[in-house]
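Residue numbers (my numbering): 725 to 1164.
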Ligand code: SAH
Ligand code: SF4
Ligand code: F3S
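Written out as structure tokens, the structure is:
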């Protein structure tokens, strides 16, 4: 029996790819081990979105080199976006790497492992999605459904279009079949994945072309799926039909991630986001009108090249006005091959740090205010497991995507009712309502 170890970096796409990689390896007769030292096959699924993602991974590679020197029979493989962005250079810079492959090219890993010569192979062609791989899910009751791959946007800071290629939507019939299979296998919460999920379908042949909101409706019909989430939509494609779907579809959760990036129309233009502050605020107004209780979260970059104090003040204003339930905030990081990396007026690091601190103050204060609306309410919680900080408590998530830590008795995968009594900007605390295991 051969043993493997996978380390995953980056976004949910990579998490999902790793689950599929594990599923494939198990079906090839490999066994997963917890320690890298015990593995014959050492894999890394990499990310390159920001410089610190690169660095984190490169520090791990040192250990892989040591393990390979100890036992040259070991196979070291590197997949994902970093691998794609450096391509064949991998083998020059890191000669102990045996196989490298781009994102989503897991079937190529199988091809490599089954081939006769296990020496320096690279697989970097963009191909169709290989959907029929078994997935080794981290939690049996939650599943990913990758609806498209690649990205047709041209955000000037972003490396993803060059690592994941052009956008390709998967066929609706394949997706529904996969959703049914997930449900039959015990999945109650499914997350639709894509770089820009709400542009789904535009590249499909006319006979099969449907909108993202139609796809949501079809997944909603699948028996056993109690919760639907999606990641990430693009504000430019966030039309009324998608927002209305949240009102109409019982399984679609009360959470919309609407990546702002910047509150300054001028910076948005330099970022090539193709919407202005006004258009973004229009979308927010529509969400607030149709779905007053819906959680809105976002991604924001501070210190984009040329960002002035006034531009940054606009970002603070938008954060204040929207009142996000949560936000991922990033300092701009120049990425190889992107337009923004070459721009003049790069913002000095200390200024980025200062802006980040100012932004976090607004984000956290507003998120805490938003959390207050849950106090005293009884919320449906999907149980995930024991609390991270206090194992006597249970942890789960409400439909609005906030984490909840609570006292009670429930098993992972159950839906329970929890009465919320206190909140922070990040999470909620409460007590399970007795005999409340609804649809357990
Ligand atoms: N396709 C998704 C996710 C992109 S990556 C989307 O468009 O929403 C996730 C986030 O990383 C982005 O939303 C952006 O905020 C951030 N990001 C991407 N490239 C970056 C860079 N070069 N520097 C800093 N943050 C970046
Ligand atoms: Fe990157 Fe923009 Fe595509 Fe998101 S939409 S992956 S930020 S290019
Ligand atoms: Fe990273 Fe690639 Fe995802 S760069 S964030 S793993 S799309």
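Each residue gets a CB set at the ideal place from its N, CA and C atoms; glycine is no exception.
Predicted model only: the values in this text are computed from it and were never measured.
Counting only the same chain and skipping the five closest in sequence on each side, list residues whose C-beta sits under 7 Å from that of residue i.
| i | result |
| --- | --- |
| residue 808 | 826, 827, 848, 887 |
| residue 800 | 766, 788, 792, 820, 821, 822 |
| residue 1164 | Note on residue 1164: pLDDT 49, under 50, position unreliable in the model; the coordinate value appears next. Excluding sequence neighbours, residue 1164 sits near 1138, 1139. |
| residue 719 | Coverage of the chain is limited to positions 725 through 1164, which leaves residue 719 absent and any answer about it impossible. |
| residue 1091 | 1048, 1049, 1050, 1149 |
| residue 1017 | 978 |
| residue 935 | 925, 965 |
| residue 1000 | 989, 992 |
| residue 1004 | 959, 984 |
Cutting at 6 Å between CB atoms, please list the residues of its own chain near residue i, excluding the five before and the five after it.
| i | result |
| --- | --- |
| residue 1023 | 983, 1052 |
| residue 943 | 903, 952 |
| residue 1059 | 883, 1065 |
| residue 1039 | 986, 987 |
Inspect the beta-carbon positions of residue i and residue j and report whether they are closer than 7 Å.
| i | j | result |
| --- | --- | --- |
| residue 991 | residue 1028 | yes |
| residue 960 | residue 998 | yes |
| residue 818 | residue 781 | no |
| residue 891 | residue 875 | yes |
| residue 956 | residue 924 | no |
| residue 1152 | residue 1098 | yes |
| residue 985 | residue 1025 | yes |
| residue 1033 | residue 988 | no |
| residue 1049 | residue 1101 | no |
| residue 860 | residue 746 | yes |
| residue 871 | residue 914 | no |
| residue 916 | residue 954 | yes |
| residue 958 | residue 920 | yes |
| residue 911 | residue 867 | yes |
| residue 738 | residue 786 | no |
Go to residue i, then tell me how far its alpha helix (DSSP H) extends in each direction, as first and last residue.
| i | result |
| --- | --- |
| residue 1054 | Premise fails: residue 1054 lies in the beta strand (DSSP E), 1050-1055, not in any alpha helix (DSSP H). |
| residue 797 | First-last for residue 797: undefined, no H or E at that position. |
| residue 1083 | 1073-1095 |
| residue 830 | 830-838 |
| residue 991 | 989-995 |
Looking only at its own chain, which residues have a Cβ that is under 8 Å from the Cβ of residue i, when we skip the five neighbours before and after it?
| i | result |
| --- | --- |
| residue 971 | 1014, 1015 |
| residue 1128 | 1103, 1105, 1119, 1120, 1121, 1122, 1142, 1144, 1151, 1152, 1153, 1154 |
| residue 814 | 802, 807, 821, 824, 846 |
| residue 839 | 845 |
| residue 895 | 928, 932 |
| residue 968 | 937, 1014 |
| residue 1111 | 1117, 1118, 1119, 1129 |
| residue 1147 | 1092, 1095, 1096, 1098, 1099, 1153 |
Name the two residues that bound the continuous beta strand (DSSP E) containing residue i.
| i | result |
| --- | --- |
| residue 726 | 726-732 |
| residue 952 | 951-955 |
| residue 970 | Not the beta strand (DSSP E): residue 970 falls in the alpha helix (DSSP H), residues 964-972. |
| residue 1121 | 1118-1122 |
| residue 1019 | 1019-1026 |
| residue 1143 | 1139-1147 |
| residue 867 | 866-870 |
| residue 1129 | 1127-1131 |
| residue 1151 | 1151-1156 |
| residue 1036 | Premise fails: residue 1036 lies in the alpha helix (DSSP H), 1033-1046, not in any beta strand (DSSP E). |
| residue 887 | No beta strand (DSSP E) contains residue 887, which is instead part of the alpha helix (DSSP H) from 884-888. |
| residue 1102 | 1102-1110 |
| residue 768 | 765-770 |
| residue 913 | 913-917 |
| residue 980 | 979-981 |
Taking residue i as the reference, which of the options has the closest Cα?
| i | options | result |
| --- | --- | --- |
| residue 850 | 889, 932, 778 | 889 |
| residue 965 | 995, 996, 922 | 922 |
| residue 748 | 831, 1079, 949, 726 | 831 |
| residue 741 | 869, 773, 883 | 869 |
| residue 1044 | 1030, 1071, 1089, 1081 | 1089 |
| residue 1194 | 1132, 1149, 1115 | Residue 1194 lies beyond the range of the chain shown here (725 to 1164); nothing can be said about it. |
| residue 932 | 945, 898, 911 | 898 |
| residue 901 | 947, 884, 790, 816 | 947 |
| residue 862 | 1005, 736, 1038, 1067 | 736 |
| residue 864 | 881, 905, 871 | 905 |
| residue 1061 | 1111, 884, 967, 1077 | 884 |
| residue 759 | 837, 730, 798 | 730 |
| residue 773 | 996, 1055, 930, 1030 | 1055 |
| residue 873 | 911, 829, 1038, 918 | 918 |
| residue 833 | 912, 762, 751, 771 | 751 |
| residue 962 | 941, 1073, 1008 | 1008 |
| residue 1063 | 769, 1124, 776, 1030 | 1030 |
| residue 1042 | 1002, 1113, 769, 1080 | 1002 |
| residue 778 | 796, 763, 810, 994 | 810 |
| residue 994 | 796, 768, 1067, 754 | 1067 |
Next on the checklist: Closer than 6 Å between the C-beta and any heavy atom of the ligand SF4: which residues qualify, listed along the chain?
Outcome noted: 875, 877, 879, 882, 884, 885, 919, 920, 958
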